[in-house]
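Heads up: the sequence shown at position 154 corresponds to 154 in full-length UniProt numbering, and the numbers run straight through without jumps. Cβ coordinates follow ideal geometry from the N, Cα and C atoms, glycine included.
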Amino acid sequence: MPSRTGRPPRISRAEIVTAAHRVIEEDGVAGLTMRRLAREVGSTPMALYHHVRDKDELLLLLLDDYAAGLPRPELPGEPGERIVAAAVALREGLAGWPWVVEVIRADDLLSVRALWYPEQIIDAAVSAGLTIEQAVDAYRVIWHYTAGEIAARAAAAKRREDGSMTYRDRVFAELDAREHPRLSEVGGRWAELTARDTYEQGLRALVRGLLPAKQWP
């Protein structure tokens, strides 16, 4: 007769969160399933359900765990600069964890701990003269710009992991100067130029356009 294996080892919620981080790093958010996580901690899916109800609750735990470490810098008093400083801090906090952006962009799950950032940006926009509705719109524009920039950079970095020339690199390097004179002028340097960090430059242009001119010339 086969020997009894006994009960699965006891696991803690902290161990589950740590293991879930590892799974996401390896397989992405789509690869995080209760079955995959159970294998990671050496337990069973049913044992996990004693700690988390489903994948959404697990993602909320991960978001809270991550948000606890996000920076909250001292912000300038001037509204435009306050918006820039808060957005830059948010981007710096999320840049190394693009999966967080992927989850938040679905507009369903979020960490209450991370609401400090929209609070600061919206409050500064109201202080600059926008209505609360306009301030929320301004925040959404800034958020989509920030999230898109993080996602694009993460995707580009993944494509270039092996150091080889991408299809886009080859296309730009071989452009016909008669048909695309400006692009062909920089074609061989396209990867270098588009890899430059222009986030804050673009952010300042956005904020300048969103706020009343008299508030931030």
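>> For a test of the three-state rule: what should DSSP assign to Ser43, helix, strand or coil?
In response: Working through the sequence shown from its first residue, we reach residue 43 at position 43. The answer is coil: DSSP assigns Ser43 none of H, G, I, E or B.
>> At the level of alpha carbons, what is the spacing between Trp97 and Gly69?
In response: As a first step, residue 97 must be located in the sequence shown, where it is residue number 97. As a first step, residue 69 must be located in the sequence shown, where it is residue number 69. One alpha carbon belongs to Trp97, the other to Gly69, and they sit about 12 Å apart.
> Under the three-state reduction of DSSP, which class applies to Asp197: helix, strand or coil?
Replying inline: Indexing the sequence shown from 1 puts residue 197 at position 197. Coil at Asp197, not helix or strand.
>> Quick check on Ala213: buried or exposed, where buried means 16 or more other Cβ atoms within 10 Å of its Cβ?
In response: Residue 213 sits at position 213 when you count from the first residue of the sequence shown. Ala213 comes out exposed.
> Is Arg105 near Ala147, with beta carbons less than 8 Å apart?
Replying inline: Against the sequence shown, residue 105 aligns to sequence position 105. Against the sequence shown, residue 147 aligns to sequence position 147. The answer is yes: Cβ separation under 8 Å.
>> Spatial neighbours of Leu193 within its chain, please: C-beta separation below 8 Å, excluding the five flanking residues on both sides.
In response: The sequence position of residue 193 within the sequence shown is 193, counting from 1. Cβ neighbours of Leu193 beyond the five flanking positions: Val186.
>> Rounded to the nearest angstrom, what separates Ala85 and Glu15 at their Cα positions?
In response: Here residue 85 refers to the residue found at position 85 of the sequence shown. Here residue 15 refers to the residue found at position 15 of the sequence shown. Cα to Cα, the separation comes out at about 34 Å.
>> Just to confirm the assignment, what range does the alpha helix (DSSP H) spanning Val100 have?
In response: By one-based count along the sequence shown, residue 100 stands at place 100. 98–104 is the extent of the alpha helix (DSSP H) around Val100.
>> Taking its Cβ as the centre, do 16 or more other Cβ atoms sit within 10 Å of Asp197, making it buried, or is it exposed?
In response: Translated into positions along the sequence shown, residue 197 becomes position 197. Result: exposed.
> For Leu175, does the three-state DSSP call read helix, strand or coil?
Replying inline: To locate residue 175, count along the sequence shown from 1; it is residue 175. Here Leu175 sits in coil by DSSP.
> Going by Cα to Cα distance, which pick from Arg36, Arg13, Ser12, Leu90 is closest to Val23?
Replying inline: Indexing the sequence shown from 1 puts residue 23 at position 23. Checked all of Arg36, Arg13, Ser12, Leu90; the closest Cα to Val23 is Arg36.
> With burial defined as no fewer than 16 other Cβ atoms inside 10 Å of the residue's Cβ, what is the status of Leu109: buried or exposed?
Replying inline: As a working mapping, residue 109 is identified with position 109 in the sequence shown. Exposed, since its Cβ has fewer than 16 Cβ neighbours within 10 Å.
>> Assuming Ala128 and Pro79 are in contact, meaning their beta carbons sit under 8 Å apart, how far apart are those beta carbons, in whole angstroms?
In response: By 1-based counting over the sequence shown, the position of residue 128 is 128. By 1-based counting over the sequence shown, the position of residue 79 is 79. Ala128 to Pro79, Cβ: 4 Å. Contact.
>> Distance check for Pro45 and Pro2, CA to CA, integer angstroms please.
In response: As a working mapping, residue 2 is identified with position 2 in the sequence shown. As a working mapping, residue 45 is identified with position 45 in the sequence shown. Confidence in Pro2 is poor, its pLDDT being 47 and thus under 50, which makes the residue's placement unreliable; the coordinate value appears in the next sentence. The straight-line gap from Cα to Cα measures roughly 22 Å.
> Thinking C-beta only, is Ala87 closer than 8 Å to Pro71?
Replying inline: Position 71 of the sequence shown, counted from the start, is the residue given in the question as residue 71. Position 87 of the sequence shown, counted from the start, is the residue given in the question as residue 87. Cβ distance not < 8 Å, so Pro71 and Ala87 don't count as in contact.
>> With H, G and I counted as helix, E and B as strand and the rest as coil, what does DSSP make of Ala128?
In response: As a working mapping, residue 128 is identified with position 128 in the sequence shown. Three-state result, Ala128: coil.
> Which term fits Tyr167, buried or exposed, when burial requires 16 or more other beta carbons within 10 angstroms of its beta carbon?
Replying inline: Stepping through the sequence shown from its first residue, residue 167 is reached at position 167. The residue in question, Tyr167, is exposed, as its Cβ has fewer than 16 Cβ neighbours within 10 Å.
>> To the nearest angstrom, how far is the alpha carbon of Arg13 from that of His51?
In response: Residue 13 sits at position 13 when you count from the first residue of the sequence shown. Residue 51 sits at position 51 when you count from the first residue of the sequence shown. Rounded to whole angstroms, Arg13 to His51 spans 6 Å at the Cα level.
>> Considering just the uninterrupted stretch of the alpha helix (DSSP H) at Pro181, what are its terminal residues?
In response: One-based indexing of the sequence shown puts residue 181 at position 181. 181–186 is the extent of the alpha helix (DSSP H) around Pro181.
>> Would the segment 107–124 count as touching the segment 151–166 if we require 3 or more Cβ pairs under 8 Å?
In response: no
>> Out of Val101, Leu48, Asp123, Thr18, which one is the CA nearest neighbour of Arg82?
In response: Counted from its first residue, the sequence shown places residue 82 at position 82. Answer by Cα proximity: Asp123.
>> Quick test of your reading: Val29 and Glu102, contact by CB under 8 Å. State the CB separation rounded to the nearest angstrom.
In response: On the sequence shown, residue 29 is found 29 positions in, with the first residue counted as 1. On the sequence shown, residue 102 is found 102 positions in, with the first residue counted as 1. Val29 to Glu102, Cβ: 6 Å. Contact.
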